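Undergrad: Numbering (this note's numbering), first residue to last: 6 to 372. Just so it is clear, CB atoms sit at the ideal spot from N, CA and C, and this is done for glycine as well. Here the structure is a predicted model, which means the values were calculated and not measured.
Set out below in structure tokens:
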């Protein structure tokens, strides 16, 4: 480590250049990681906030919540405590505040106000009837406030905002909660149903029980259902897996780029120092010590680049617009940073063979 540090201090410009490149690559990795985490949270946050462990969908939905159609009566088929299960209606539409021409894409969740899926109210109160709604704070930040009248979808009547919950999103859109009657009217209009129990819902959320522990009775005329974990539902959200795989693949390619950059740089540096290594070997310096010097330099380059890129990435996150789905996942950044340092060291190993094959006599110009 002593020889590695002395040489780096001597050739400041060269090593500053490679550390600078390392900072840029690591910075891109951290930013992509933040975007990947932000997009993932943007898709799933509302569902994750439920704290459910099991989701029941219609069997023909292919594990996609928006394609599932159940009936309110199906809630009674799930054999678990009433407080541990909730009927949920899901609908995507646009919201428009009275007096404004601007529309905002939103995700609608229909649920009974006392069900566990409805988040805690941080301002105002919960809805009391089919003409009242509560909104997430991130929608409030866009100019929607308690007391405002808003129009949803193609409905002629307006809904009144009576409460605000913590910021959350579904499919990267802010969330509105309303009761099941309002959900039915929004999605199915004036379509008649024989009774309230026959009105449609999208899914049943259950907490404290795994899919294997949940029993759903099935009669001859009942809709066939599929049980799955909440994690499985999230993985099948439209766009969730594709976006995650795309960004993670880009990050993986950058790991390869780091190994190549550090490897090429140190290899060229090693070739330029062949005579020096020959002199050191003549003086009795072991090859293992010289190899350790190269590995140490690779570690210093990787660690310095990662630490500075981490700081730069964090500072950047403070000035990003709130609308950008960016989340700092500390454990993920730590994992990415360690991988970057590791591949930096691996890149340095490419030069080891050159050091071990240096012949002291030939290196210093002997016959």
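Which same chain residues end up closer than 6 angstroms to residue 374 when comparing Cβ atoms and leaving out the 5 residues on each side of it in sequence?
TA: There is simply no residue 374 to check, as the chain begins at 6 and stops at 372 in what is shown.
Undergrad: By how many angstroms is the C-alpha of residue 103 removed from the C-alpha of residue 150?
TA: For this step, residue 150 is matched to residue 145 along the chain shown. For this step, residue 103 is matched to residue 98 along the chain shown. Linking residue 150 to residue 103 through their CA atoms gives a straight-line distance of about 12 angstroms.
Undergrad: Out of 170, 20, 211, which one is the CA nearest neighbour of residue 90?
TA: Reading the chain shown from its first residue, position 85 is the one you call residue 90. Cα-wise, what sits closest to residue 90 is 211.
Undergrad: Residue ranges of each beta strand (DSSP E) run of no fewer than 3 residues wholly in the segment 193-268, ordered along the chain?
TA: 208-211, 230-234
Undergrad: When DSSP builds the beta bridges, which residues end up paired with residue 141?
TA: Working through the chain shown from its first residue, we reach residue 141 at position 136. According to DSSP, residue 141 bridges with 170.
Undergrad: Please name the residue in 97, 77, 129 whose C-alpha comes closest to that of residue 116.
TA: The count along the chain shown starts at 1 and reaches residue 116 at position 111. Among 97, 77, 129, the Cα nearest to that of residue 116 is on 77.
Undergrad: Put residue 117 into one of helix, strand or coil per three-state DSSP.
TA: Your numbering for residue 117 matches position 112 in the chain shown. Note: residue 117 maps to coil in three-state DSSP.
Undergrad: Which stretch, first to last residue, makes up the beta strand (DSSP E) that contains residue 151?
TA: For the purposes of this step, residue 151 is identified with residue 146 of the chain shown, where counting begins at 1. Unbroken run through residue 151: none, as it is neither H nor E.
Undergrad: With respect to the alpha helix (DSSP H) encompassing residue 375, which residues constitute its N-terminal and C-terminal limits?
TA: Outside the modelled stretch of the chain, which goes from 6 to 372, sits residue 375, for which no answer is possible.
Undergrad: At the 8 angstroms Cβ level, is residue 98 part of the contact set with chain D, yes or no?
TA: The displayed structure is made up of one protein chain only, and chain D is not part of it.
Undergrad: Are the CB atoms of residue 264 and residue 351 nearer to each other than 8 angstroms?
TA: Here residue 264 refers to the residue found at position 259 when the chain shown is read from its first residue. Here residue 351 refers to the residue found at position 346 when the chain shown is read from its first residue. In this structure, residue 264 lies near residue 351, with their beta-carbon atoms less than 8 angstroms apart.
Undergrad: Inspect the CB distances between the segment 40-51 and the segment 288-307 and report whether three or more fall short of 8 angstroms.
TA: Segments in contact, no.
Undergrad: Less than 8 angstroms separating the beta-carbons of residue 266 and residue 26?
TA: Translated into the one-based positions of the chain shown, residue 266 becomes position 261. Translated into the one-based positions of the chain shown, residue 26 becomes position 21. Their beta carbons are under 8 angstroms apart, which means residue 266 touches residue 26 by this criterion.
Undergrad: Which of helix, strand or coil does DSSP assign to residue 163?
TA: Counted from its first residue, the chain shown places residue 163 at position 158. Note: residue 163 maps to coil in three-state DSSP.
Undergrad: Please state the DSSP three-state secondary structure of residue 190.
TA: Locating residue 190 in the chain shown gives position 185, where the first residue counts as 1. The answer is helix: DSSP assigns residue 190 an H, G or I state.
Undergrad: Kindly list the residues whose CB is nearer than 7 angstroms to the CB of residue 314, restricted to its own chain and excluding five residues on each side of it in sequence; keep chain order.
TA: Reading the chain shown from its first residue, position 309 is the one you call residue 314. Cβ neighbours of residue 314 beyond the five flanking positions: 28, 31, 32, 35.
Undergrad: I'd like to check one pair, residue 106 with residue 136: are the Cβ atoms closer than 8 angstroms?
TA: Against the chain shown, residue 136 aligns to sequence position 131. Against the chain shown, residue 106 aligns to sequence position 101. Taking 8 angstroms as the Cβ cut-off, residue 136 and residue 106 do not qualify as a contacting pair.
Undergrad: Have a look at residue 2 and residue 339 and give me their C-alpha separation to the nearest angstrom.
TA: The structure shown does not extend to residue 2, since the chain spans only 6 to 372, so no value can be given for it.
Undergrad: Which residues in the same chain as residue 232 place their Cβ atom closer than 7 angstroms to its Cβ, once the five residues preceding and following it in sequence are excluded?
TA: Here residue 232 refers to the residue found at position 227 of the chain shown. Around residue 232: 59, 61, 216, 219, 221.
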